[in-house]
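The structure appears below as structure tokens.
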Amino acid sequence: MANLIDSSAIIHPDAQIAEDVEVGPWTTIGPDVVIGAGSRIASHVVLKGPTIIGCNNQIYQFSSVGEDTPDLKYDGEPTRLIIGDNNIIREGVTIHRGTVQDRGETTIGDDNLIMAYAHIGHDSVVGNHCILVNNTALAGHVIVGDWAILSGFTLVHQYCNIGAHSFTGMGSAIGKDVPAYVMVNGAPAAAKSVNSEGLKRRGYSKEQVAAINRAFKIIYRRGLTVDEALSQLQVLAQDCSDVQLMIDSLRQSKRGIVR
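In this note's numbering, the protein residues as written are -11 to 247.
Below, the structure written as structure tokens:
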């Protein structure tokens, strides 16, 4: 392990680091930090805990991972950051731990790409296979579903849910929930269409995409309330189970959906 950790790195003796982890120069790793096998930590990274980082993660230079939240209600309580496996965290990313006022934990799943200068606020949850493009910022308490793509400079208000397979355009300002599969753009963000191209790339058939497009039109093109739309979506879901994911995202919405 000594050959893989630069001599200038500052590592607390209570940190738990797998033997094959690489740590670059001038990186600081505090107590209560756990780093799994195959991970690579570049130079000038700050890791604070309690933080658990899984296997095969790459964290690039100047990132701050596991820092206290600036939320003024936070008073030093023990909270956590949990990061899964196979994530790429690029330059200058900031990720804060949770607060006791919510989950007490910020969670990032597996196989995510978090690009330069993105921010993930306290108590947020990022699923699997997500992409947060440069300068995307998640306020506290945000939930991002699997396979979501947030384009550069996307801003997400606290307590918003970003549905699975959704897509946000560059510079989107999101103040309400984004249903699964939906593409949004603008400030404030508005629903534009289904993320059809993303679904095709993930192997969805023409029939599946067509059914999801029908679901989108039920929600956004018929002037229905959410409850009225849900009734029609339930019928559609009998023939296409993929629509159920959109139904679930509507039912879980507490802030209302983008229109």
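Cβ atoms here follow ideal geometry from the backbone N, Cα and C, with glycine treated the same way.
Computed from a prediction, not measured in an experiment: that's the story for all the values here.
Its Cα nearest to that of GLU55, the residue PRO66 stands out among GLN46, PRO66, GLY159. ALA179 sits close to VAL170, with the two beta carbons spaced by under 8 Å.
Under the 10 Å beta carbon count, PRO167 is surrounded by 16 or more other beta carbons and is classified as buried. Excluding five sequence positions before and after ARG239, the CB atoms of its chain that fall closer than 8 Å to its own CB belong to LEU218, given in chain order. Taken atom to atom, the span from the alpha-carbon of ARG78 to that of GLY211 is near 42 Å. Within its own chain, the residues whose Cβ lies closer than 7 Å to the Cβ of MET158, once the five positions on either side in sequence are excluded, are SER139, GLY140, PHE141, listed in chain order. At the C-beta level, GLN220 and ILE206 come within 8 Å of one another.
Between TYR105 and the set VAL132, ILE47, VAL88, LYS61, the nearest pair of CA atoms involves ILE47.
Fully contained in the segment 55 to 98 are the following beta strand (DSSP E) runs of length 3 or more, in chain order: 68 to 71, 82 to 84, 93 to 96. In this structure THR57 touches HIS84 by the C-beta definition: roughly 4 Å separates them, less than 8 Å. For TYR62, the CB contacts under 7 Å within the same chain, skipping 5 residues up- and downstream, are ASP56, THR87 in chain order.
Ranked by Cα distance from TRP135, the first of HIS117, ALA127, VAL144, VAL121 is HIS117. When secondary structure is reduced to three states using DSSP, SER(-4) falls in the coil class, being assigned neither helix nor strand.
Following the DSSP letters along the chain, one finds VAL214 inside the alpha helix (DSSP H) bounded by residues 214 to 225.
In the three-state scheme derived from DSSP, where H, G and I count as helix and E and B as strand, ALA152 is classed as coil. Between GLY12 and ALA25, the gap from beta carbon to beta carbon reaches 8 Å or more.
DSSP, reduced to helix, strand and coil, places ASP236 within a helical segment of the structure shown. With a cutoff of 8 Å on beta-carbon distance, ALA3 and ILE(-7) are scored as not near each other. Around the Cβ of SER(-5), a 10 Å sphere holds fewer than 16 other Cβ atoms; the residue is exposed. By the C-beta density criterion, LEU60 is exposed, having fewer than 16 other C-beta atoms within 10 angstroms.
Inter-residue distance for ASP98 and GLY133 is about 12 Å (C-alpha atoms, whole angstroms).
According to DSSP, ALA178 shares a beta bridge with ASN173.
By the Cβ neighbour-count rule, THR39 is buried, with 16 or more other Cβ atoms within 10 Å of its own.
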